[in-house]
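Taking my numbering, I'd label the letters of the sequence shown as residues 16 to 83.
For each residue, glycine too, the CB sits at the ideal point set by N, CA and C.
Everything on this sheet refers to the single structure shown next.
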Amino acid sequence: MTHETHSNRILRRPEVERIVGLGRSSIYRLISEGLFPRPIAIGRRAVGWTLSSIEEWLSLRPVSTGWR
């Protein structure tokens, strides 16, 4: 039996989209530009991201104050 830690949890694309607030095409564009974590293969046609990689990416993003 494997024990998955919180930071090693694998997130599928729809969950990543919800967490980061970006759509599929934006995520893959950022990946191609080297600005978003690369997914890991979790099956023949399935990919995912570790929660820790997404949390790290979010922590490096500037925080908007809503002021212009």
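Nearest candidate by alpha-carbon position, reference residue i, set the options
{"i": "E30", "options": "E48, R59 and P54", "result": "P54"}
{"i": "R24", "options": "P77, L75 and E70", "result": "E70"}
Contact check, residue i vs residue j, beta carbons under 7 Å
{"i": "G2", "j": "R27", "result": "The requested residue 2 does not occur in the structure, where the chain is confined to residues 16 to 83."}
{"i": "S68", "j": "P52", "result": "yes"}
{"i": "S22", "j": "L66", "result": "yes"}
Exposure of residue i, with buried meaning 16 or more beta-carbon neighbours within 10 Å
{"i": "I46", "result": "exposed"}
{"i": "S79", "result": "exposed"}
Whole-Å CB distance - residue i paired with residue j, under 8 Å assumed
{"i": "R39", "j": "E48", "result": "Not really, about 15 Å apart at Cβ, beyond 8 Å."}
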